[in-house]
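Visitor:
2 protein chains.
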Amino acid sequence: MTDVARNRRPGPRLEEVARAAGVSRSTVSRVINEEPYVSAKARDAVHQAILDLGYSPNQAARTLAGNRANAIALVVSEQGSRVLSDPFFAGVLRGVHAELSGRRVQLVLMMTQQDDEQDIVGYLAGGHVDGVLMVSLHGQDPLPLKLADAGVPIVVGGRPLVGDGIQYVDSDNFNGALEAARYLVATGRRRIATIAGPKDMAVGMDRLNGWRRGMAEAGQPSDLVAHSTVFTPDGGAAAMEDLLSREPELDAVFVAADIMAMGALRVLHAQNRRIPRDVAVVGFDDLMIASTALPPLTTVRQDVEQLGRTMTWCLLGQLDGEEGLPPSLLLPTSLVIRASA
Amino acid sequence: MTDVARNRRPGPRLEEVARAAGVSRSTVSRVINEEPYVSAKARDAVHQAILDLGYSPNQAARTLAGNRANAIALVVSEQGSRVLSDPFFAGVLRGVHAELSGRRVQLVLMMTQQDDEQDIVGYLAGGHVDGVLMVSLHGQDPLPLKLADAGVPIVVGGRPLVGDGIQYVDSDNFNGALEAARYLVATGRRRIATIAGPKDMAVGMDRLNGWRRGMAEAGQPSDLVAHSTVFTPDGGAAAMEDLLSREPELDAVFVAADIMAMGALRVLHAQNRRIPRDVAVVGFDDLMIASTALPPLTTVRQDVEQLGRTMTWCLLGQLDGEEGLPPSLLLPTSLVIRASA
DNA sequence: CTGAAAGCGCTTACAG
DNA sequence: CTGAAAGCGCTTACAG
Numbered sequence: 001m002t003d004v005a006r007n008r009r010p011g012p013r014l015e016e017v018a019r020a021a022g023v024s025r026s027t028v029s030r031v032i033n034e035e036p037y038v039s040a041k042a043r044d045a046v047h048q049a050i051l052d053l054g055y056s057p058n059q060a061a062r063t064l065a066g067n068r069a070n071a072i073a074l075v076v077s078e079q080g081s082r083v084l085s086d087p088f089f090a091g092v093l094r095g096v097h098a099e100l101s102g103r104r105v106q107l108v109l110m111m112t113q114q115d116d117e118q119d120i121v122g123y124l125a126g127g128h129v130d131g132v133l134m135v136s137l138h139g140q141d142p143l144p145l146k147l148a149d150a151g152v153p154i155v156v157g158g159r160p161l162v163g164d165g166i167q168y169v170d171s172d173n174f175n176g177a178l179e180a181a182r183y184l185v186a187t188g189r190r191r192i193a194t195i196a197g198p199k200d201m202a203v204g205m206d207r208l209n210g211w212r213r214g215m216a217e218a219g220q221p222s223d224l225v226a227h228s229t230v231f232t233p234d235g236g237a238a239a240m241e242d243l244l245s246r247e248p249e250l251d252a253v254f255v256a257a258d259i260m261a262m263g264a265l266r267v268l269h270a271q272n273r274r275i276p277r278d279v280a281v282v283g284f285d286d287l288m289i290a291s292t293a294l295p296p297l298t299t300v301r302q303d304v305e306q307l308g309r310t311m312t313w314c315l316l317g318q319l320d321g322e323e324g325l326p327p328s329l330l331l332p333t334s335l336v337i338r339a340s341a
Numbered sequence: 001m002t003d004v005a006r007n008r009r010p011g012p013r014l015e016e017v018a019r020a021a022g023v024s025r026s027t028v029s030r031v032i033n034e035e036p037y038v039s040a041k042a043r044d045a046v047h048q049a050i051l052d053l054g055y056s057p058n059q060a061a062r063t064l065a066g067n068r069a070n071a072i073a074l075v076v077s078e079q080g081s082r083v084l085s086d087p088f089f090a091g092v093l094r095g096v097h098a099e100l101s102g103r104r105v106q107l108v109l110m111m112t113q114q115d116d117e118q119d120i121v122g123y124l125a126g127g128h129v130d131g132v133l134m135v136s137l138h139g140q141d142p143l144p145l146k147l148a149d150a151g152v153p154i155v156v157g158g159r160p161l162v163g164d165g166i167q168y169v170d171s172d173n174f175n176g177a178l179e180a181a182r183y184l185v186a187t188g189r190r191r192i193a194t195i196a197g198p199k200d201m202a203v204g205m206d207r208l209n210g211w212r213r214g215m216a217e218a219g220q221p222s223d224l225v226a227h228s229t230v231f232t233p234d235g236g237a238a239a240m241e242d243l244l245s246r247e248p249e250l251d252a253v254f255v256a257a258d259i260m261a262m263g264a265l266r267v268l269h270a271q272n273r274r275i276p277r278d279v280a281v282v283g284f285d286d287l288m289i290a291s292t293a294l295p296p297l298t299t300v301r302q303d304v305e306q307l308g309r310t311m312t313w314c315l316l317g318q319l320d321g322e323e324g325l326p327p328s329l330l331l332p333t334s335l336v337i338r339a340s341a
């Protein structure tokens, strides 16, 4: 292991602050932890001493004595480290950080590998963090359940496919897709297809089911479904080709992710279909690339940063023992109408 | 503050492991820390006990007793939280994580706000982490220097403009730009412009100076410089318009960032310049968008993940007190030739 | 509202 | 190679 060098901290200790303020260590501790029942006089003296001495409490000692880590982990369950470039992850991270700012809670970032899941559970259950935020890319991940079983407070981003009691926050993928489907129907489309995501991810299934519901409502067939196993432009392109060969007359496609929509647009262009005149295209996510696409993509926006924020306050709420927290939360989406549909 | 709930860890302690293995706590500690001078017999007994009991050491206690945090911080100095979506940051993070994996060192992510710099220095100098990795987006940031002064081991990603003794790792921006300039000269371009980055960022100046050197070598003028204050498509577009109005006859442009090159391409297309026939375009970074641009962008690739990895082993080396570490490091770039030049 | 004292779970000289 | 004991810097009942 890395034998991290000794790191002598020369700063003042609680003891010195107490002496400078003319109070006991207990009182200094109370002031630092913003506990009630400290006289204004004592509080002021302590604050002044802290300022004068440039005191910064030792977190390890606080954790050890207080049995509380003042840190939460953001665990990214990944099958390759490319997740980090994913706009979804970046957005969540932004939200988590925003929600944490101003609170004295540190964020520890962990990425799971295939092999070290045992270690991870041990570490996270070992009290090194107070709770866990997890974004699970494949819905079947057993980690959330294991952690919950081990008594670790956890909130998952994106509906997990396994684990009933686990609190999660997700975008309302079903209703987002339903709204997209209704919009296509309302604008006169009569042969509407969909490019769906992987079947083992809740996000994929929820969006597909929303679209299906929309078709059913309108009395339209819902046979034109092509699944892509990956959220990539190429996956979208292959699915689009498949759909076109099965039904050359299709006049609309709901693509369950903007990134796949890029591939679908490419194929439609290559086959000289005019967008939206011949084929209307609606995406999902509202990534940056949606607005710069040709033509600019009509899409269902999800607020990923809000997802991160919501996950964070849910977890902090759990930790604070707040009452009346919802078991899970669905965040609204909104249809952003541009030129492609 | 967030009063993070008590988190009773029910797991076994060192004490129990020692009892189960029939040795003293000291010996267990030595085994865990992989110290020499432990008999094979004792070692095996301890390992077995750890396994049987599912023991996971308490980090806070280790940190407190050992005066070592077993954690490093990745500090992102930001003026707005959009950094997180930046491919540069994502790449660095990926590299840091890759290099850390397998070592028992945690990564704590921190983002600085304008107002809390005092706190940050206090925290980081307070022994909560053993060292700091920092990606500083504006070169003038005083934080690296303050941390170094406070005795905190630090490695900066991207050459800082202030602070002499600070170890940094950067891509070789100067030589990358020089290679781009030479390529344009070699392919017969006679009126070569550049879109440079902000003057207060080392990355901007280094790439500009590399281009200048290339012009000087070829005996070509280096007057066609347009600075953009931001690395955005719009910034690149404005600079391109400026250049075109100053010199309608220009036949090449080296753009100091792919993201700005997108804007430059847009303007060139709008003015009906054929690329590369009328105007050759070379970018820098080799982002994803470079290969999907129209036409695919010839660009200087920098390996951002490698940057993150290198920063990390430099820091770990510092912490381990390794000898012969380079004061700073420049990573090679490479010209990726596509269709735009 | 305040202080003395015990204790959190480890590491590390020290002595053997 | 091993163990007994001190100590890391806090928090928290407990008693006042």
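Residue numbers (full-length UniProt numbering), protein chains in the order written: chain A, 1 to 341; chain B, 1 to 341. Beta carbons: idealized from backbone N, C-alpha and C, even for Gly.
Tell whether a beta-carbon distance below 9 Å holds between T299(A) and D320(A).
Guide: Against a cut-off of 9 Å, the Cβ pair of D320(A) and T299(A) comes out as no contact.
Visitor: For the ligand PLP, is there any heavy atom lying closer than 8 Å to the beta carbon of R182(A)?
Guide: Of ligands this structure carries none, so the ligand PLP is not represented either.
Visitor: Leaving out five residues before and five after N175(A) in sequence, what residues of the same chain have Cβ atoms less than 7 Å from its Cβ?
Guide: Closer than 7 Å at the Cβ level, and outside the excluded window around N175(A), lie G210, T333.
Visitor: For V336(B) and A181(B), I'd like the C-alpha separation in whole angstroms.
Guide: Going from the Cα of V336(B) to the Cα of A181(B) covers about 13 Å.
Visitor: Would M240(A) and P87(A) qualify as a contact pair, given that the criterion is a beta-carbon distance under 9 Å?
Guide: In this structure, P87(A) does not lie closer than 9 Å to M240(A) by Cβ.
Visitor: Three or more C-beta pairs closer than 8 Å, one from the stretch 300–312 of chain B and one from the stretch 154–162 of chain B: is that the case here?
Guide: A contact exists between the stretch 300–312 of chain B and the stretch 154–162 of chain B.
Visitor: Assuming V282(B) contacts A264(B) under a Cβ cut-off of 8 Å, what Cβ separation, rounded to an integer in Å, is found between them?
Guide: 10 Å between Cβ atoms; not a contact.
Visitor: Whose C-beta lies closer than 6 Å to the C-beta of E35(A) among residues of the same chain, with five residues either side of it excluded?
Guide: Here the set comprises nothing.
Visitor: Taking a cut of 9 Å between CB atoms, which residues from the stretch 297–326 of chain B lie near chain A?
Guide: Residues E305, L316, Q318, L319, D320, G321.
Visitor: Output the boundary residues of the beta strand (DSSP E) element that contains V225(B).
Guide: From DSSP, the beta strand (DSSP E) with V225(B) extends over 225–227.
Visitor: Given that a residue counts as buried once 16 or more other Cβ atoms are within 10 Å of its Cβ, and exposed if not, what is P221(B)?
Guide: Under this definition P221(B) is an exposed residue.
Visitor: Counting only runs of 3+ residues fully inside the stretch 254–289 of chain A, write out the beta strand (DSSP E) ranges in chain order.
Guide: List check, beta strand (DSSP E) in window: 280–285.
Visitor: Have a look at R94(B), P276(B), P198(B) and flag the residue whose alpha-carbon is nearest the alpha-carbon of R338(B).
Guide: Residue P276(B) is the option with its Cα nearest to R338(B).
Visitor: Tell me the start and end of each unbroken beta strand (DSSP E) in the stretch 96–162 of chain B that is at least 3 residues and wholly inside, in chain order.
Guide: If we require 3 residues or more, the beta strand (DSSP E) runs fully inside the stretch 96–162 of chain B come out as 106–112, 131–136, 154–157.
Visitor: How would you label L244(A), buried or exposed, when you count the other beta carbons within 10 angstroms and need 16 or more for buried?
Guide: By the neighbour-count rule (16 or more Cβ atoms within 10 Å), L244(A) is buried.
Visitor: Under three-state DSSP, which class holds R19(B)?
Guide: DSSP places R19(B) in helix when its eight states are reduced to three.
Visitor: Whose Cβ in chain A lies nearer than 9 Å to the Cβ of Y123(B)?
Guide: Here the neighbours are S56, Q59, Q106.
Visitor: CA-CA distance, Q59(B) and A69(B)?
Guide: Cα to Cα, the separation comes out at about 8 Å.
Visitor: Can you check which of these residues, E322(B), R274(B), N173(B), G317(B), is closest to V255(B) by C-alpha distance?
Guide: V255(B) has its Cα closest to that of N173(B), out of E322(B), R274(B), N173(B), G317(B).
Visitor: With DSSP collapsed to three states, give me the class of D170(B).
Guide: D170(B): strand per DSSP, three-state reduction.
Visitor: How would you label V162(B), buried or exposed, when you count the other beta carbons within 10 angstroms and need 16 or more for buried?
Guide: The residue is exposed, with fewer than 16 neighbouring Cβ atoms inside 10 Å.
Visitor: Could you tell me the distance, in whole angstroms, from the CA atom of Y37(A) to the CA atom of V129(A)?
Guide: Taking the straight line from one Cα to the other gives about 29 Å.
Visitor: Alpha carbon to alpha carbon, how far is S136(B) from D200(B)? Give it in angstroms, no decimals.
Guide: C-alpha separation (whole angstroms): 12 Å.
Visitor: Would you kindly work out how many angstroms separate the C-alpha atoms of A238(B) and F89(B), rounded to a whole number?
Guide: Answer to the nearest angstrom: the Cα atoms are 25 Å apart.
Visitor: Tell me the rounded alpha-carbon separation between T27(A) and A65(A).
Guide: Distance between the alpha carbons of T27(A) and A65(A): 16 Å.
Visitor: Would the beta-carbon of G54(B) fall within 9 Å of that of G122(A)?
Guide: Yes; because the gap between Cβ atoms is below 9 Å, this pair is in contact.
Visitor: Can you check whether the CB of V75(B) is closer than 9 Å to the CB of L145(B)?
Guide: For L145(B) and V75(B), no; Cβs fall outside 9 Å.
Visitor: Find the nearest neighbour of A45(B) within the set A20(B), R274(B), P295(B), N33(B), judged by alpha-carbon distance.
Guide: Among A20(B), R274(B), P295(B), N33(B), the Cα nearest to that of A45(B) is on A20(B).
Visitor: Tell whether a beta-carbon distance below 9 Å holds between V225(A) and L208(A).
Guide: Yes; because the gap between Cβ atoms is below 9 Å, this pair is in contact.
Visitor: Measuring CA to CA, which of S228(B), R103(B), A218(B), V105(B) is closest to V203(B)?
Guide: Among S228(B), R103(B), A218(B), V105(B), the Cα nearest to that of V203(B) belongs to S228(B).
Visitor: On a Cα-Cα basis, can you pick out the residue from M262(B), F231(B), R191(B) that is closest to G214(B)?
Guide: Nearest C-alpha to G214(B): R191(B).
Visitor: If the cut is a Cβ gap below 9 Å, which residues of chain A does T27(B) touch?
Guide: Within chain A, no residue comes near T27(B); the closest Cβ sits about 18 Å away, beyond 9 Å.
Visitor: Is L107(B) near V108(A), with beta carbons less than 9 Å apart?
Guide: Yes.
Visitor: Are the C-beta of T232(A) and some C-beta of chain B separated by less than 9 Å?
Guide: It does not: the Cβ of T232(A) has no partner Cβ on chain B nearer than 9 Å.
Visitor: Going along chain A, which residues have a C-beta under 7 Å from residue 424(B)?
Guide: Nothing can be reported for residue 424(B): it is not among the residues displayed for chain B, which extend from 1 to 341.
Visitor: Taking the alpha helix (DSSP H) that R246(B) belongs to, which residues open and close that run?
Guide: That run of the alpha helix (DSSP H) goes 233–246.
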